[in-house]
Structure formats: structure tokens, C-alpha cells
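The structure appears below as C-alpha cells.
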Amino acid sequence: MKRILLLSVITTFFINPLYSKNISNKDCNEVASEVNSSLAGMQLDQITIFENAICPSGANLTYNYRITMDVSSEIFKTVIPEMKTNNIITWCSDPTFKLLIQVLDSVEFKYKNNNGAYLGKYTIDKSYCY
Numbered sequence: 000m001k002r003i004l005l006l007s008v009i010t011t012f013f014i015n016p017l018y019s020k021n022i023s024n025k026d027c028n029e030v031a032s033e034v035n036s037s038l039a040g041m042q043l044d045q046i047t048i049f050e051n052a053i054c055p056s057g058a059n060l061t062y063n064y065r066i067t068m069d070v071s072s073e074i075f076k077t078v079i080p081e082m083k084t085n086n087i088i089t090w091c092s093d094p095t096f097k098l099l100i101q102v103l104d105s106v107e108f109k110y111k112n113n114n115g116a117y118l119g120k121y122t123i124d125k126s127y128c129y
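Taking numbering that gives the first Met the number 0, the leading residue of the sequence shown gets 0, the next gets one more, and so forth.
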């Protein structure tokens, strides 16, 4: 279901020639809203909850996650390279995500713990797909 919603939003951007370049902040927020309507608050695995998606500026999509396991930012930062690699593979190979990353300035992944303390982040963009 979530893929269908996301695909319909993405397809809208590609059918219209207006969207041959990066999308606007307004359109990015529409994508974030669609993602939030299907994923917000979802438990993704044993320790990760998807909180929300936002577009704070331009076509920069940010995914916010909460980690439910008690872990320090120093330890968490050691797993960021593997998580980043996994997301690059997903965003550059899955047809739906590959279309979306082509019209975004960037996709950021931010993590905090149960107390709201910052754990770490990383960013990818379409340059990782070449």
C-alpha cells in the first residue's frame, strides 16, 4: 500500500514536464505528507520507529527515526556507514526510490533515542547512483 501511494506521487512528478528538474519545497512537502500518512509511527524493525518525513528547505527530504534501544551516539555512529550503504543500494536500485531521488536535492536520515537525544545522521543524493 505504501509503495502504491509513493508511486502515485512520484508518477505525478514525472508525467508533468514541469518536474523534469528537482521538485519545489511545496512538492517535496507533499511527498513527505504522503510518506507520513502511510508510515508515521511505524515500527520498522526491533529497534527502529519511523517518526516522520519533512522537507525543511528546497527538495531536501528528511526522514526522522527513533531508536528504542539504549545506545550512545558514539556507538551508533559506528553503524552509520553500513546503514548509508544499504540506503544507497535501495534508493539507487528500487525503481520507485530511484525515480524519486532523481528529483530531490537530497535525502537525509536522522536518528534520535527514546529521550529525544540526537544519535546521528547521514545524507544521500542522486550523485551516489552513478
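Just so it is clear, CB atoms sit at the ideal spot from N, CA and C, and this is done for glycine as well.
Selection from the options that minimises the alpha carbon distance to residue i
i	options	result
I46	V70, L38, S36	V70
F49	P55, A58, A39	A39
N114	F96, I66, V106	I66
D104	G57, I88, Y117	G57
Close beta carbons around residue i, own chain, < 6 angstroms, minus the five adjacent residues each side
i	result
C128	C91
Y121	I79, K83, F108
Reduced DSSP secondary structure (H/G/I, E/B, other) of residue i
i	result
L99	helix
V34	helix
N28	helix
I48	strand
Y127	helix
S71	coil
T61	strand
Separation of residue j from residue i, as counted between CA atoms
i	j	result
Y62	V106	8 angstroms
N21	N28	13 angstroms
S37	V102	21 angstroms
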